[in-house]
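**Student:** Protein chains in written order, with the numbering used here: chain C, 107 to 371; chain D, 96 to 374.
Glycine is no exception: its CB is placed at the ideal position from the N, C-alpha and C atoms.
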Amino acid sequence: MSLATQPRELVSLRDICIVHGRGPTATIAVEGLDLDIGRQEFVCIIGPSGCGKSTLLKAVAGLLPPASVQGTVTVDGAGADEARKANKFAFVFQEPTLAPWRTALENVRLPLEVAGRRKPHRSPEELLDLVGLKGAEHKLPHQLSGGMKQRVAIARALTLQPDVLLMDEPFGALDELTRDRMHEELLNIWSATETSVILVTHSLIEAVFMADRVVVMSPRPGRLTATVGIPFDRPRAHALKSRVDFLDKVNEVRTALEATHDDHR
Amino acid sequence: MTITADATTKTPVKAVIPPDHRSAPAMKIFRATRVWLVLAAAAVIWEVAVTAFDVPKYLFPAPSAIIAELQAKPDLYLGATLTTTIEAFLGFVAAVVIGVIFAVLIARAPLFEELVFPFLNIIRVTPTVAIAPLLTIWFGRGMVPVVIASFLIAFFPIIVQTVLGLKSVDRGLIDLMRISNASELAILTKIQLPNALPYLFSSFRVAAPGAVVGALLGEFLGASSGLGYLITVASGQLNTAAVFLLAALSCVLGIVIFNLCVFAEKRLVKWHPAVELQA
C-alpha cells in the first residue's frame, strides 16, 4: 500500500449541523462545520463551555439520534454507521465510566467480549501494561485512584484497535499534577499506536502540548473559527510547557479563542 | 521568613496515639455477646414477673412454659416450621424468577411498562388477605395457595427494585457498549443485569421476610399444615403458650432468612461500596 492510494484524510466531516429537539424549542448546537483529520493525527478541539464540542464528538461516534445530525461523516471512505460497526471508533469520557463490578483487566476486556470479532493485536494485559497499570489488573475500580481509573478507560478504548480515538475532556476530573503526567503518557501511548485522536478540552496548555493542530470553536451554535498548527517536535516532554515559543503558541490560540467570544458579544 | 525561624527553634510536637481499649479480648467478647445478654435478661425478668404476679398461663405464659410446649411436641412444631419454610422458599424463588423477568420487560419495553404496570399496581394495592380466600377457592386447601400468597407479597419489592437497578445504569457505559457494536442482549447481560444485582439483593431484605409473612397468611386463611395453620388451631384452643411458641418460630424463620440474604449479598456484590461499608 503506497501513501498515494490512500486518501490523506481519515475522518472527514462535511456540513455538520446538530439540532437538539424539534419545533420552536429546538436548539442548534453545531452549524455548518467542516473538519478533516488525517491518519495518526492528533487534533484538539477547544472552545468555550457549551459550544457543542462534546456533542460533535458524540455525533462523530454515532451516539446521537440520527434525526438530530445533518451533514456527512466519513471514516476511511465509509459512512459513520458502517465505521462504528467496524469498531473504528473508541471513546474516552471525562468520567472513567468503568463497570464497578469488573476488575481493571475485565473492564479492558469488555469491548472484546461484546464486539465478538477479531483477535486483538494487543492483549488486554499488554494494554494495561502500556498505560502503566501492571500489577493493578485485578483491582476493582473503587480501589483505584482517579488517574488510574482514567488509564483503565484509555486502555479499554484501545482494546479494539480503533482508527479514531475520541476523547471528551479526558483529564478534566483529575488533579493538576496527575493531569500533567497523563498528558505526557497519553502522547507516549498514542505514538505506540496507529490511532488518530480527536480530543476536546478547554485547557489551552493541554491543547497546545498535545496536538498537531488545534481547532477553535465558537459559542453556540458551534462553528470552526480558527485552526492553529502546532509545529513542536515529538516526543514532547513536560519541559516544553515552559518554553517561550510554547507560550507564544498558547497565546496565539488564546487570541483566536477570545476573538470567537467577542464576536458573540 | 518567620515560619522557618519558628520551625527551627520550636521542638516539633509529636501526635499522641490514643490507646485502644476496644480491641482487648474481654471487650471483644462483651461486644459480640451483649445483644444476647440483653435478650437473656429480658427473658429472666419476664419469667420472674409472670411467676411473682401469678399471671394465668392462658393470658401470658412464662418463657419456661413456651419451651415446655416445644419439648412436649417437637415433631409437630419443627415439622410445621419445615412446611412453612418450604412454602415460603418456593414463593420467594417464584417471586425472584418472575419478578426479574417482569423487571427486564418493564425496563426494556416502554410499551410493556405502560400497559402492564397498572395491573401490577392493582394487584399490589389489593390486600393479600382479600386475595387469599380466592386462592383457596380456586386451588383448594394445600400448598399451592400458600405458595401463591407468599409469592404475591415477595414479588413487588423485587420487581420495583430490579427495574430501578436496570434503569439506573451509567449512560456512558451504554454509549461505550454501542460504540463497541454490542448487541442489545450483551448490553442487558453485561451491563444492566450486573448493575441491578445490588438492587435485587437489597429488595431481598424486604421480599424474603415478606415471603414468610405471605406463607403464614396463606396457611392462616386456608391450609391444613404449617405454622400459620397451627396458630389458628392453638388460638382456638386458647393454648397461649403454643401461640407464643409459633410466633417465636415464625420470627426465627424470618430472621434466619433475612440474614441468609444479607450473607449472600455480601458474598456476591463485593464491588458495591454500600456492601463494603457494612462488611
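1. 8 Å is my cut-off, CB to CB: does D:Pro-169 come that close to chain C?
2. Which ranges would you report for the beta strand (DSSP E) in the segment 280–326 of chain D if only whole runs of at least 3 residues count?
3. So C:Thr-180 packs on C:Ser-118, CB below 8 Å; how close in whole Å?
4. Can the beta-carbon of C:Ile-143 be found less than 8 Å from the beta-carbon of C:Ser-302?
5. Using a beta-carbon distance below 8 Å, is C:Glu-219 in contact with chain D?
6. Within the continuous alpha helix (DSSP H) that includes D:Gly-349, where are the two ends?
7. In or out: C:Phe-199 buried (at least 16 other Cβ within 10 Å) or exposed?
8. Decide if C:Glu-364 is buried, meaning its Cβ has at least 16 other Cβ atoms within 10 Å, or exposed.
9. State the CB to CB distance for the pair C:Asp-121 and C:Gly-177, rounded to an integer number of angstroms; the pair is presumed to be in contact (CB under 8 Å).
10. Can C:Ala-261 and C:Leu-283 be called in contact, C-beta distance under 8 Å?
11. Could you pull out every unbroken beta strand (DSSP E) segment of at least 3 residues lying fully inside the segment 266–303 of chain C, listed in chain order?
12. Kindly list, in the order they appear in chain C, the residues whose Cβ is closer than 7 Å to that of D:Leu-275.
13. For C:Ala-196, which residues in chain D fall below 7 Å Cβ to Cβ?
14. Just the C-alpha distance for D:Arg-273 and C:Leu-169, rounded to the nearest angstrom, thanks.
15. Spatial neighbours of D:Pro-252 within its chain, please: CB distance less than 6 Å, with the 5 preceding and 5 following residues excluded, ordered by chain position.
16. Please classify C:Asp-142: does DSSP put it in a helix, a strand, or coil?
17. Please go through the same chain and pick out, in chain order, the residues whose beta-carbon is closer than 8 Å to the beta-carbon of D:Ile-161, but skip the five residues on each side of it.
18. Starting from C:Gly-252 and walking both ways along the alpha helix (DSSP H), at which residues does that stretch end?
19. Residues of chain D with CB under 7 Å from C:Arg-70, in chain order?
20. Apart from the five residues on each side of it in sequence, which residues of its chain come closer than 8 Å, Cβ to Cβ, to C:Leu-346?
21. Using a Cβ-Cβ distance cut-off of 8 Å, determine whether C:Phe-65 contacts chain D.
22. Assuming C:Pro-217 contacts C:Leu-163 under a Cβ cut-off of 8 Å, what Cβ separation, rounded to an integer in Å, is found between them?
23. Identify, in the order they occur along the chain, each residue of the same chain with its Cβ nearer than 8 Å to the Cβ of C:Ser-155, setting aside the five sequence neighbours on each side.
24. Alpha carbons only, please: which of C:His-244, C:Ala-167 and C:Glu-312 is nearest the one belonging to C:Ser-348?
25. Name the residue from C:Ala-343, C:Pro-341 and C:Val-322 whose alpha carbon lies nearest to the alpha carbon of C:Arg-360.
26. By how many angstroms is the C-alpha of D:Ser-275 removed from the C-alpha of C:Lys-191?
27. Whose Cβ in chain C lies nearer than 9 Å to the Cβ of D:Asp-270?
28. If contact is defined by three or more beta carbon pairs under 8 Å, each pair taking one atom from either stretch, is the segment 228–248 of chain D in contact with the segment 310–321 of chain D?
29. List the endpoints of the continuous alpha helix (DSSP H) containing D:Ala-227.
30. Please say whether D:Leu-295 and D:Gly-260 have beta carbons closer to each other than 8 Å?
31. Within 8 Å of any Cβ in chain C, is that where the Cβ of D:Ile-286 sits?
32. Round the Cβ separation of D:Gly-321 and D:Thr-179 to the nearest angstrom and send it over; I've been treating them as touching at under 8 Å.
33. Run the CB neighbour count on C:Leu-116, radius 10 Å, all protein chains shown included, and call it buried at 16 or more, exposed below.
34. Measure from the C-beta of D:Pro-289 to each C-beta in chain C and report whether the shortest distance is under 8 Å.
35. Beta-carbon within less than 6 Å of C:Gly-238's beta-carbon, same chain only, minus the 5 sequence neighbours each way: which residues are those?
36. Beta-carbon within less than 6 Å of D:Ala-306's beta-carbon, same chain only, minus the 5 sequence neighbours each way: which residues are those?
**Tutor:** Let's see:
1. Against the second sequence, residue 169 of chain D aligns to sequence position 74. At a cut-off of 8 Å, the C-beta of D:Pro-169 has no neighbouring C-beta in chain C.
2. none
3. Your numbering for residue 180 of chain C matches position 74 in the first sequence. Your numbering for residue 118 of chain C matches position 12 in the first sequence. Indeed, because the Cβ distance is near 5 Å, the residues count as touching under 8 Å.
4. Translated into the one-based positions of the first sequence, residue 143 of chain C becomes position 37. Translated into the one-based positions of the first sequence, residue 302 of chain C becomes position 196. Yes. Within cutoff.
5. Here residue 219 of chain C refers to the residue found at position 113 when the first sequence is read from its first residue. With 8 Å as the cut-off, C:Glu-219 counts as an interface residue toward chain D.
6. Counting from one through the second sequence, the residue named residue 349 of chain D turns up at place 254. Note, D:Gly-349: alpha helix (DSSP H), 335–363.
7. Taking the first sequence and counting its residues from 1, one reaches residue 199 of chain C at position 93. It is buried - the Cβ of C:Phe-199 has at least 16 other Cβ atoms within 10 Å.
8. Walking along the first sequence from the start, residue 364 of chain C turns up at place 258. C:Glu-364 should be labelled exposed.
9. The count along the first sequence starts at 1 and reaches residue 121 of chain C at position 15. The count along the first sequence starts at 1 and reaches residue 177 of chain C at position 71. Between the beta-carbon of C:Asp-121 and that of C:Gly-177 there is about 4 Å, and that keeps the pair under the 8 Å contact cut.
10. Position 155 of the first sequence, counting from 1, holds the residue named residue 261 of chain C. Position 177 of the first sequence, counting from 1, holds the residue named residue 283 of chain C. Contact flag unset, no.
11. The beta strand (DSSP E) runs of length 3 or more contained entirely in the segment 266–303 of chain C are, from start to end of the chain, 270–274.
12. Working through the second sequence from its first residue, we reach residue 275 of chain D at position 180. Here residue 275 of chain D is Ser; the residue named in the question, Leu, does not match the sequence. Per Cβ cutoff of 7 Å: Asn-193, Pro-217, Val-220, Ala-221 and Leu-266.
13. Walking along the first sequence from the start, residue 196 of chain C turns up at place 90. Simply Ile-274.
14. Counting from 1 along the second sequence, the entry for residue 273 of chain D is found at position 178. Counting from 1 along the first sequence, the entry for residue 169 of chain C is found at position 63. Going from the Cα of D:Arg-273 to the Cα of C:Leu-169 covers about 8 Å.
15. Here residue 252 of chain D refers to the residue found at position 157 of the second sequence. Apart from sequence neighbours up to five positions away, the residues of its chain that approach D:Pro-252 with a beta-carbon distance below 6 Å are Ser-298, Val-301 and Ala-302, ordered along the chain.
16. The sequence position of residue 142 of chain C within the first sequence is 36, counting from 1. Here C:Asp-142 sits in strand by DSSP.
17. Reading the second sequence from its first residue, position 66 is the one you call residue 161 of chain D. Around D:Ile-161, the same chain offers Ala-336, Phe-339, Leu-340 and Ala-343 as residues with beta carbons nearer than 8 Å, after the five sequence neighbours per side are excluded.
18. Walking along the first sequence from the start, residue 252 of chain C turns up at place 146. Where C:Gly-252 is concerned, the enclosing alpha helix (DSSP H) stretches over 252–264.
19. Residue 70 of chain C lies beyond the range of chain C shown here (107 to 371); nothing can be said about it.
20. Position 240 of the first sequence, counted from the first residue, corresponds to residue 346 of chain C. Excluding sequence neighbours, C:Leu-346 sits near Phe-315, Phe-338 and Phe-352.
21. An answer regarding residue 65 of chain C cannot be provided, because it is not within the stretch 107 to 371 covered by chain C.
22. Numbered from its first residue, the first sequence carries residue 217 of chain C at position 111. Numbered from its first residue, the first sequence carries residue 163 of chain C at position 57. So it is not a contact: roughly 18 Å between Cβ atoms.
23. As a first step, residue 155 of chain C is located in the first sequence; it is residue number 49 there, counting from the start. For C:Ser-155, where only same-chain residues beyond five positions count, the Cβ hits under 8 Å are His-308.
24. Locating residue 348 of chain C in the first sequence gives position 242, counting from the first residue. For C:Ser-348, the nearest C-alpha among the options comes from C:Glu-312.
25. Here residue 360 of chain C refers to the residue found at position 254 when the first sequence is read from its first residue. For the residues C:Ala-343, C:Pro-341 and C:Val-322, the minimum Cα distance to C:Arg-360 belongs to C:Val-322.
26. Sequence index remark: in the first sequence, residue 191 of chain C carries index 85 (1-based). Sequence index remark: in the second sequence, residue 275 of chain D carries index 180 (1-based). If I take the Cα positions, the gap works out to 8 Å.
27. Reading the second sequence from its first residue, position 175 is the one you call residue 270 of chain D. Those within 9 Å of D:Asp-270 in chain C are Lys-164, Ala-167, Leu-169, Phe-197, Phe-199 and Thr-203.
28. yes
29. Working through the second sequence from its first residue, we reach residue 227 of chain D at position 132. Counting along the chain, the alpha helix (DSSP H) containing D:Ala-227 begins and ends at 223–234.
30. For this step, residue 260 of chain D is matched to residue 165 along the second sequence. For this step, residue 295 of chain D is matched to residue 200 along the second sequence. Cβ atoms of D:Gly-260 and D:Leu-295: closer than 8 Å.
31. Against the second sequence, residue 286 of chain D aligns to sequence position 191. Chain C, which has a Cβ nearer than 8 Å to the Cβ of D:Ile-286, makes this yes.
32. By 1-based counting over the second sequence, the position of residue 321 of chain D is 226. By 1-based counting over the second sequence, the position of residue 179 of chain D is 84. That pair is a contact at about 4 Å.
33. In the first sequence, residue 116 of chain C corresponds to position 10, counting from 1. Here C:Leu-116 is buried. Its C-beta has 16 or more other C-beta atoms within 10 Å.
34. Numbered from 1 along the second sequence, position 194 holds the residue referred to as residue 289 of chain D. Yes, contact with chain C.
35. Residue 238 of chain C sits at position 132 when you count from the first residue of the first sequence. Excluding positions up to five away in sequence, the list is empty.
36. On the second sequence, position 211 is the one that residue 306 of chain D refers to. Hits under 6 Å: Ala-183, Gly-186, Phe-187, Ser-245 and Ala-249.
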